[in-house]
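All remarks here apply to the structure that follows.
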Amino acid sequence: MGSRVEILNDGGYRSDGRRQFELRDIAIDLSRHGQADGSAMYTQGLTEVLVTVFGPREAKLRSQTIHNRANINVEVNIAAFSTGERRKRSRGDKRILELGAAIKSTFEPVIQTHLYPRSQIDIFVQVLQQDGGLLSAAINATTLALITAGIPLFDYVCAVSSGVHSTHAMLDLTTLEENDVPHLTVAVMPRTGKITLVTLETRLHSDRFEEVFRIACEAGKVLHEEMRNAIKARTSALARAMGEGHPAGAPSNREGDEDFEMGDD
Amino acid sequence: MEVDDTDGGETSLRSKITSPGESLTSSQAFMRGHGTYVEDDEVIASVAGTVERVNKLITVRPLQTRYNPEVGDLVVGRITEVAARRWKVDANSRQDAVLMLSSVNLPGGVQRRKLESDELQMRTFFEEGDLLVAEVQAFFADGAMSLHTRSLKYGKLRNGQLVTVPPILILRLKSHFYSLPCGVDLILGLNGYIWVSKHVKDNEQEGEEGFDAEAVYSNQNDEIDDATRAAVARVSNVIRVLAAHFVPLNDTVLVEAYEWVVEQEYTVKDLLLREDVADALVSAVATARPDL
Amino acid sequence: MTSTTTLPGEIVPAQHPNLKLGPGLLQSISGTSDSATIVSTRAGELQHSANRSKWWIESNARRYVPAAQESVIGQISGRAGEGYRVDIGGAHNASLDGLAFEGATKRNRPNLKVNSLVYARVSLAHKDMEPELECFDAQTRKAEGFGELKGGFVVKCSLGMSRRLLDPNHFLLPLLGSRFPLECAVGMNGRIWVDTKSAQNTIIVARCIEAADPDGGGLDEADVNKLLNGIQS
Amino acid sequence: MRPPSPSIPEREFALSALQQSMRIDGRTLLEIRPINLTFGPALGCVECELGKTRVLAFIDSKMIKPPEERPLEGIISIHSEISPMASSAYETGRPSDEEVAITRMLEKVLRRSDAVDRESLCIVAGQRVWHLRLTLHFLADAGNMLDCACLAAVAALRHFRRPEVEVVGEDVITYDPSERPPIPLAMHHTPYVLTFALFPFASTPAPQQTKLSSTHVPTPQLANSSITAVLDPSPLEASLLPSSSPSLLSLALTPQRELCVVNKAGGVPVSPEEFLWLVKVAEERVREVEACLEGGLLKAKAEAEGIGSL
Chain E
1 MGSRVEILND GGYRSDGRRQ FELRDIAIDL SRHGQADGSA MYTQGLTEVL
51 VTVFGPREAK LRSQTIHNRA NINVEVNIAA FSTGERRKRS RGDKRILELG
101 AAIKSTFEPV IQTHLYPRSQ IDIFVQVLQQ DGGLLSAAIN ATTLALITAG
151 IPLFDYVCAV SSGVHSTHAM LDLTTLEEND VPHLTVAVMP RTGKITLVTL
201 ETRLHSDRFE EVFRIACEAG KVLHEEMRNA IKARTSALAR AMGEGHPAGA
251 PSNREGDEDF EMGDD
Chain X
1 MEVDDTDGGE TSLRSKITSP GESLTSSQAF MRGHGTYVED DEVIASVAGT
51 VERVNKLITV RPLQTRYNPE VGDLVVGRIT EVAARRWKVD ANSRQDAVLM
101 LSSVNLPGGV QRRKLESDEL QMRTFFEEGD LLVAEVQAFF ADGAMSLHTR
151 SLKYGKLRNG QLVTVPPILI LRLKSHFYSL PCGVDLILGL NGYIWVSKHV
201 KDNEQEGEEG FDAEAVYSNQ NDEIDDATRA AVARVSNVIR VLAAHFVPLN
251 DTVLVEAYEW VVEQEYTVKD LLLREDVADA LVSAVATARP DL
Chain L
1 MTSTTTLPGE IVPAQHPNLK LGPGLLQSIS GTSDSATIVS TRAGELQHSA
51 NRSKWWIESN ARRYVPAAQE SVIGQISGRA GEGYRVDIGG AHNASLDGLA
101 FEGATKRNRP NLKVNSLVYA RVSLAHKDME PELECFDAQT RKAEGFGELK
151 GGFVVKCSLG MSRRLLDPNH FLLPLLGSRF PLECAVGMNG RIWVDTKSAQ
201 NTIIVARCIE AADPDGGGLD EADVNKLLNG IQS
Chain U
1 MRPPSPSIPE REFALSALQQ SMRIDGRTLL EIRPINLTFG PALGCVECEL
51 GKTRVLAFID SKMIKPPEER PLEGIISIHS EISPMASSAY ETGRPSDEEV
101 AITRMLEKVL RRSDAVDRES LCIVAGQRVW HLRLTLHFLA DAGNMLDCAC
151 LAAVAALRHF RRPEVEVVGE DVITYDPSER PPIPLAMHHT PYVLTFALFP
201 FASTPAPQQT KLSSTHVPTP QLANSSITAV LDPSPLEASL LPSSSPSLLS
251 LALTPQRELC VVNKAGGVPV SPEEFLWLVK VAEERVREVE ACLEGGLLKA
301 KAEAEGIGSL
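Residue numbers (full-length UniProt numbering), protein chains in the order written: chain E, 1 to 265; chain X, 1 to 292; chain L, 1 to 233; chain U, 1 to 310.
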């Protein structure tokens with residue numbers, strides 16, 4: 001692209017004022033969304049994704065039932081107003097299908113599908129705003145939505161994008177940066193530190209790749225903390241509301257009103 | 001996140017919140033229950049929720065999840081499909097429940113054998129979209145539950161409306177049928193489906209012969225006066241508000257909440273439209289909560 | 001016993017008062033004369049029995065067309081009421097009654113998982129009906145070697161190859177048997193189930209069957225021997 | 001029709017063989033099936049065989065007016081559709097997940113990674129550019145069509161020659177191949193795709209490994225690996241794990257150790273060390289593929305010259 005914005009200036013700041021390894025602000029809202037069994041609104045900088053999860057429930061089509069485990073169905077929709085240039089993508093768009101397939105195959109080994117034979121789990125991903133890191137935001141939001149739906153997972157899946165500007169690695173790129181530097185997305189399962197997803201679409205020497213890849217793996221674990229705090233806050237708020245969470249050991253900060261809309265953290 | 005056996009004590013374990021991937025304890029000393037899995041000699045949580053321990057069994061109870069049926073549970077469901085000698089019923093579980101033709105009371109005597117003619121007129125008993133109350137009878141090999149309505153208390157639902165809440169808010173109690181003083185009947189299905197309806201007098205319900213097929217499988221609502229309609233709507237909205245604030249439900253809580261709303265002279269609509277009213281209602285019933 | 005290569009549409013000089021036609025031959029009724037002519041419908045070797053009463057065309061194909069009394073290897077694709085649906089590589093799934101096993105009763109039926117393998121016999125093959133299978137001899141109600149196949153591996157080959165393997169004079173199975181012990185079930189639907197003591201030997205069998213398949217490598221005895229020596233050394 | 005999943009005995013056997021580092025077709029775990037490239041008769045027409053998997057790639061070119069937003073670049077378009085001819089698992093109509101994956105990967109490897117210098121395809125800025133049309137025909141699917149298709153496409157790009165043109169004033173003169181020899185495409189780099197299937201268990205080499213395969217290539221070793229990786233998976237190997245999408249890792253890389261595309265979309269989780277090891281293995285193996293292509297191109301060139309001199 002022709003943009004001649006300075007990606008990283010001499011002071012070590014990026015175009016939006018961040019440092020090399022600084023992540024954008026993350027906001028997580030886990031409040032109930034309509035009839036969905038679980039949902040998560042995930043905002044990272046200007047990228048915003050809403051994921052709702054239904055299920056496990058009866059499969060709509062008999063042909064989709066699998067006799068010994070649950071079938072996972074992912075539908076992705078990218079809002080026409082989510083980018084600078086207003087563009088309506090059809091549901092058959094290959095990029096959207098690929099995004100859905102990537103989310104499906106990322107979560108297939110993570111969800112304990114064998115507990116729900118012949119059932120179906122529907123994951124609906126609605127992209128509201130995109131400013132880089134779309135895949136990683138969608139994966140993080142899906143993890144959170146699945147957890148709020150009470151669906152058993154082996155672990156969190158925490159994804160983050162990273163790139164390299166000449167020799168400097170950077171984390172969590174914006175669209176502007178994605179257009180200019182080679183970048184990759186890595187999804188980590190924090191308990192074991194294993195990687196479920198790696199995508200790279202731009203040319204990068206394998207020595208550089210190794211460096212950026214390792215940084216992204218570490219960043220995934222940081223993200224895990226954020227996600228876990230949001231889940232724990234939500235869970236303990238609900239537990240408190242049910243009258244279960246009497247302060248024991250852990251300091252309780254019981255406020256007067258029980259508002260479960262957790263905004264920014 | 002170690003579950004410490006020595007200083008532990010039931011309370012600290014009970015209130016412990018965990019989330020997927022967190023190691024709870026060693027699998028040598030403890031047994032894994034629901035919401036956990038074992039890897040490398042460790043019991044690890046697979047859901048977010050409260051850790052519970054019964055003797056050596058560690059379970060994690062998710063706070064928001066689909067209904068997990070047990071035999072003997074009372075559920076409210078909706079017919080989704082009429083199939084060969086059976087109905088499929090949506091009961092908020094991981095698969096549709098099955099109601100066998102042989103598990104319902106048929107007209108002309110409770111104990112009679114089912115005939116081929118019954119198979120042909122299954123839709124006259126239940127058809128797609130009908131709501132019913134039933135009991136979980138057994139499970140099939142694939143985990144789907146089988147229901148029965150072989151009791152006068154069970155069967156098709158009329159004269160009211162359905163409210164859905166998270167199943168965890170419905171506690172297992174002696175009875176799930178309540179008649180509130182305001183002339184409203186409640187059926188608290190353990191699957192989180194609640195049926196709120198006009199009160200039916202006991203003798204009417206039972207009928208003369210003990211079983212009146214026409215009444216049981218009727219699709220016609222009785223005459224409902226305005227006051228009862230308002231009461232049904234008020235109870236429904238009270239349930240919605242309490243469920244939105246994750247308050248466990250039983251008859252005492254609901255009676256208290258209902259009376260509070262009447263006392264404060266709020267309209268039925270206020271409950272859903274005004275957040276201050278909703279918050280005030282929740283604090284008002286806090287004292288009447290069921291013991292857990 | 002003679003054999004000539006025949007192409008579809010050729011008239012076959014099959015004449016016998018008690019003529020029986022096998023696969024690949026069709027009796028065509030010509031308008032005027034009473035005597036029917038026999039026309040071939042496949043490309044292959046024309047063959048007939050010693051007394052020239054039975055004629056057929058020996059050809060090779062990959063798609064199985066079920067014929068009654070043939071032994072096949074099927075994969076359970078699902079349950080259907082009291083029985084199973086079985087994929088035998090034909091145009092349609094076959095059905096296998098849960099009672100068509102040795103010792104099966106209403107109370108005590110075998111419990112086969114989806115995707116398990118059975119060695120079965122085609123009991124009914126009709127162009128307008130689904131083929132039916134049985135895992136026992138209907139008269140004696142004995143298994144006769146049929147039933148679920150546990151362990152081992154399945155090699156897919158051409159239909160001609162599976163017919164050859166059933167010929168006791170064919171070299172391959174005795175040759176392999178002379179090297180190491182093996183267990184084998186040949187399905188006429190181009191599936192051969194083999195089991196040996198070690199994974200390596202099973203792989204050797206699989207590769208040899210593929211190599212000897214007339215539709216693949218088409219190696220003869222000497223070449224297979226050479227291949228075996230190469231692999232095993 | 002959903003392709004039938006392998007039977008229980010087949011699955012168990014194949015998995016236990018893999019645990020002993022054996023594959024059904026006799027290859028070692030990190031061995032690619034034999035590659036056979038057939039060039040011609042036209043320039044830019046290549047048939048690639050990878051074992052029994054076959055893909056035909058064909059390139060033709062024409063001159064067009066460039067779109068306004070990119071007046072200085074030529075256009076490359078890729079056309080591929082997996083027809084039921086390749087395997088009965090494919091249907092015409094709605095593309096399957098696999099087909100989407102292959103098309104997207106081709107797009108990324110050939111277009112997004114800038115393999116071809118698009119600016120060199122410009123004849124007159126804003127007026128005339130070359131439009132290269134790459135068509136892929138999937139002839140037979142015996143597993144790992146992606147690697148085969150990418151190799152066919154890359155080979156076709158390398159084999160292709162466009163006519164020499166000259167700009168005289170306003171006119172563009174196109175020379176017949178007999179007048180001036182046609183020109184090969186300017187390529188920034190030559191990416192090759194290697195696909196691994198991953199399994200969540202460690203494999204122990206059999207103590208006395210008999211030689212099931214003829215070739216033996218040294219590979220980097222990784223201690224304490226808890227996964228088994230299989231290069232160039234067969235359809236059976238790709239369908240062994242109980243999930244609807246196989247657990248694959250596709251790497252597009254150049255012999256100069258540059259990664260162009262990495263695609264591991266879910267599947268079996270691997271540790272960072274295991275992942276980097278797989279990249280190293282691919283760097284090693286890509287040289288074999290490169291040698292195959294370069295050898296084939298040389299032979300094709302020699303043959304073409306042989307014919308030309310007659």
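Backbone N, C-alpha and C define an ideal beta-carbon position, used for all residues, glycine too.
Ignore the nearest five residues each way along the sequence and tell me which others in residue i's own chain have a CB closer than 8 Å to its CB.
| i | result |
| --- | --- |
| Val235 of chain X | Leu180, Cys182, Val184, Leu186, Val196, Leu254, Tyr258 |
| Leu227 of chain L | Arg207, Cys208, Ala211, Leu219 |
| Glu208 of chain X | Note that Glu208 of chain X has pLDDT 45, beneath the 50 cutoff, so the model's placement of it is unreliable and no number is given. |
To which residues of the same chain is residue i closer than 6 Å at the C-beta, ignoring the five residues directly before and after it?
| i | result |
| --- | --- |
| Asp223 of chain L | none |
| Gln126 of chain E | Leu50, Asn77 |
| Pro17 of chain L | none |
| Val51 of chain X | Leu13, Lys16, Thr18, Val60 |
Counting along the chain, where does the alpha helix (DSSP H) carrying residue i start and finish?
| i | result |
| --- | --- |
| residue 294 of chain X | One cannot answer for residue 294 of chain X here, as it falls past the ends of chain X, which runs 1 to 292. |
| Pro62 of chain X | Here Pro62 of chain X belongs to no alpha helix (DSSP H); instead the beta strand (DSSP E) covers 57-62. |
| Ile203 of chain L | 199-212 |
| Lys198 of chain X | Looking at the DSSP string, Lys198 of chain X is not in any alpha helix (DSSP H); the run it does join, the beta strand (DSSP E), is 193-198. |
| His224 of chain E | 206-241 |
Out of the options, which has the shortest C-alpha to C-alpha gap to residue i?
| i | options | result |
| --- | --- | --- |
| Ser80 of chain U | U:Ala238, U:Arg133, U:Pro163 | U:Arg133 |
| Asp215 of chain L | L:Gly160, L:Asn93, L:Glu144, L:Asp167 | L:Gly160 |
| Arg32 of chain X | X:Arg66, X:Arg53, X:Asn237 | X:Arg53 |
| Ser178 of chain L | L:Ser53, L:Asp128, L:Asn229, L:Glu132 | L:Asn229 |
| Asp97 of chain L | L:Ser116, L:Thr105, L:Ala14, L:Tyr84 | L:Tyr84 |
| Ala36 of chain L | L:Ala91, L:Gly44, L:Leu25 | L:Leu25 |
| residue 318 of chain U | E:Val74, E:Thr52, E:Ile103, E:Arg18 | Nothing about residue 318 of chain U can be read from this structure; chain U reaches only from 1 to 310. |
| Pro191 of chain U | U:Pro66, U:Phe199, U:Arg111 | U:Arg111 |
| His48 of chain L | L:Arg42, L:Cys135, L:Ile57, L:Ser40 | L:Ile57 |
| Ile28 of chain E | E:Met242, E:Lys60, E:Phe124, E:Arg234 | E:Arg234 |
Skipping 5 residues on each side, what residues in its chain have a beta carbon closer than 7 Å to that of residue i?
| i | result |
| --- | --- |
| Asp220 of chain L | none |
| Leu165 of chain L | Leu172, Leu173, Val186, Ile192 |
| Val136 of chain X | Pro69, Glu70, Val71, Gly72, Asp73, Val75, Met145, Leu147 |
Mind checking which residues open and close the beta strand (DSSP E) that includes residue i?
| i | result |
| --- | --- |
| Ser161 of chain E | 158-165 |
| Pro187 of chain L | According to the sequence provided, residue 187 of chain L is Gly. The question's Pro does not apply to it. Run containing Gly187 of chain L: 182-187, per the beta strand (DSSP E) assignment. |
| Glu178 of chain E | Glu178 of chain E -> not in any beta strand (DSSP E); alpha helix (DSSP H) instead, spanning 175-180. |
| residue 297 of chain L | What is shown of chain L runs 1 to 233, which leaves residue 297 of chain L out entirely. |
Does the beta-carbon of residue i, which I'm using as the reference point, lie nearer than 7 Å to any heavy atom of the ligand FMN?
| i | result |
| --- | --- |
| Glu211 of chain E | Absent from the structure shown: the ligand FMN. Ligands present: none. |
task = Tell me the start and end of each unbroken beta strand (DSSP E) in the segment 87-165 of chain X that is at least 3 residues and wholly inside, in chain order.
result = 97-100, 131-139, 145-148, 160-164
ask   = Curious, which full-length beta strand (DSSP E) runs of at least 3 residues does the UniProt domain "Exoribonuclease phosphorolytic" (22-152) of chain E contain?
value = As far as the UniProt domain "Exoribonuclease phosphorolytic" (22-152) of chain E is concerned, its whole beta strand (DSSP E) runs of at least 3 residues are 26-29, 38-44, 47-58, 71-78, 119-129.
key: Members of the segment 191-204 of chain E near chain U, C-beta cut-off 9 Å   = Residues Thr192, Gly193, Lys194, Ile195, Thr196, Leu197, Val198, Thr199, Leu200, Glu201, Thr202, Arg203, Leu204.
message = Under 8 Å, CB to CB, which of the residues in the segment 197-221 of chain L have a partner in chain U?
response = Flagged, chain order: Ala199, Gln200, Thr202, Ile203, Ala206, Arg207.
request  = Scan the segment 32-117 of chain U and note each continuous beta strand (DSSP E) run of 3 residues or more that stays entirely inside, going in chain order.
outcome  = 35-39, 45-50, 53-64, 75-81
message = Counting only Cβ-Cβ distances shorter than 8 Å, please list the residues of the segment 124-158 of chain L near chain U, keeping chain order.
response = Leu149, Lys150, Gly151, Gly152, Phe153, Val154
inquiry  = Under 9 Å, CB to CB, which of the residues in the segment 21-43 of chain E have a partner in chain X?
reply    = Arg32, Gln35, Asp37, Gly38
query = Going along the chain, which residues of the segment 140-167 of chain E sit with their C-beta nearer than 8 Å to a C-beta in chain X?
reply = Ile147, Thr148, Ala149, Gly150, Ile151, Pro152, Leu153, Phe154, Asp155, Tyr156
request  = Identify each residue in the segment 229-248 of chain X for which the Cβ-Cβ distance to at least one residue of chain E is less than 7 Å, and report them in chain order.
outcome  = His245, Phe246, Val247, Pro248
key: beta strand (DSSP E) segments (min. 3 residues) lying fully within the segment 117-158 of chain U   = Listed in chain order, the complete beta strand (DSSP E) runs (minimum 3 residues) inside the segment 117-158 of chain U are 122-124, 128-140.
inquiry  = Using a Cβ-Cβ cutoff of 7 Å, what residues of the segment 68-99 of chain U are near chain L? List them in chain order.
reply    = none
query = Going along the chain, which residues of the segment 27-41 of chain X sit with their C-beta nearer than 9 Å to a C-beta in chain E?
reply = Correct list: His34, Gly35, Thr36, Tyr37, Glu39.
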